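>
Residue numbers (the numbering used here): 50 to 225.
#1: To the nearest angstrom, how far is the alpha carbon of residue 61 from that of residue 117?
#2: Which same chain residues, not among the five before or five after residue 133, have their C-beta less than 6 angstroms away from its C-beta?
#3: By Cβ distance below 6 angstroms, which residues in the same chain neighbour residue 146 in space, the five residues on each side in sequence not counted?
#4: Just tell me which of 91, 113 and 97 has its CA closest to the CA of residue 75.
#5: Using the C-alpha atoms, what's the distance from residue 186 back to residue 137?
#6: Evaluate residue 73 with the Cβ neighbour count: other Cβ atoms within 10 Å of its Cβ, from every protein chain shown; 16 or more gives buried, anything less gives exposed.
#7: Among 165, 124, 151 and 156, which one has its Cα closest to the Cα of residue 144?
#8: So if DSSP puts residue 157 in a beta bridge, which residue, or which two residues, is it bridged to?
#9: As a quick exercise: from 197, 181 and 208, pick the residue whose alpha carbon is nearest that of residue 123.
#10: Could you tell me how far apart the beta carbons of residue 43 and residue 91 are, in whole angstroms, since I believe they sit closer than 8 angstroms?
#11: Locate the alpha helix (DSSP H) running through residue 182, then write down its first and last residues.
#12: Could you check how far apart the C-beta atoms of residue 129 and residue 184 are, in whole angstroms? I think they sit under 8 angstroms.
#13: So which of 106, 82 and 173 has the shortest CA-CA distance to residue 135?
#14: Per DSSP, residue 128 forms a beta bridge with which residues?
#15: Starting from the C-beta of residue 140, find all residues in its chain whose C-beta is less than 7 angstroms away, skip the five residues before and the five after it, and write them out in chain order.
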């Protein structure tokens with residue numbers, strides 16, 4: 050069987066996963082679910098060795114999980130776009146100032162524009178953009194910082210475990 054990944058390169062020479070490769074990965078996962086060994090899958094589907102079959106199964110699992118997540122993300126983006134467009138319409142309209150149920154006019158008899166409504170709509174537009182950024186992961190540096198802090202705590206915990214609970218307190222008799 051020909052390798053579906055062969056010649057699957059972008060114009061820059063980077064690997065591009067083809068539909069054929071994804072289908073082969075899915076087939077590998079199906080065979081694995083039927084109890085086949087990775088070596089037997091590799092032989093059947095033309096992977097170089099059993100690790101290639103194992104990687105294909107992992108990619109198929111990632112695809113299976115990512116597909117519903119991608120559909121949900123697309124739905125949420127569509128909803129946010131609709132909300133954003135509705136608020137943008139409100140922002141772009143002129144709103145007149147009303148007091149005690151009556152439109153307020155200036156000295157020339159023209160209705161006074163209520164900037165407060167535009168400012169409220171503007172705040173909603175900003176909140177909508179923030180929701181887009183969070184949903185699409187555009188605020189990744191914040192997430193990376195949190196993950197780095199968690200990783201640092203985990204490393205400290207592992208070091209404490211490896212070195213013993215009193216490694217930081219060696220020679221410190223303040224608890225006595």
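We put the CB at the ideal spot given by N, CA and C, even for glycine.
Note that this is a predicted model, so its numbers are computed, not measured.
Judging by the given coordinates:
#1: In this structure, the CA atom of residue 61 is about 30 angstroms from the CA atom of residue 117.
#2: Excluding sequence neighbours, residue 133 sits near 177.
#3: Same-chain partners within the cutoff: 153, 161 and 163.
#4: For the options 91, 113 and 97, the alpha carbon positioned closest to that of residue 75 is the one of 113.
#5: Taken atom to atom, the span from the alpha-carbon of residue 137 to that of residue 186 is near 23 angstroms.
#6: Looking at its Cβ environment, which holds 16 or more other Cβ atoms inside 10 Å, residue 73 is buried.
#7: When each option's Cα is compared against that of residue 144, the closest is 165.
#8: According to DSSP, which records beta bridges pairwise, residue 157 is partnered with nothing at all.
#9: When 197, 181 and 208 are compared, the shortest CA-CA separation from residue 123 is found for 181.
#10: Nothing about residue 43 can be reported from this structure: the residues present for the chain run from 50 to 225 only.
#11: First-last of the alpha helix (DSSP H) with residue 182: 164-185.
#12: Going by Cβ atoms, the distance from residue 129 to residue 184 rounds to 7 angstroms, so yes, they are a contact pair.
#13: Residue 173 is the option with its Cα nearest to residue 135.
#14: Residue 128 is not bridged to any residue.
#15: Within the same chain, and ignoring the five residues on either side of residue 140 in sequence, the residues whose Cβ sits closer than 7 angstroms to its Cβ are 167, 170, 171 and 174.
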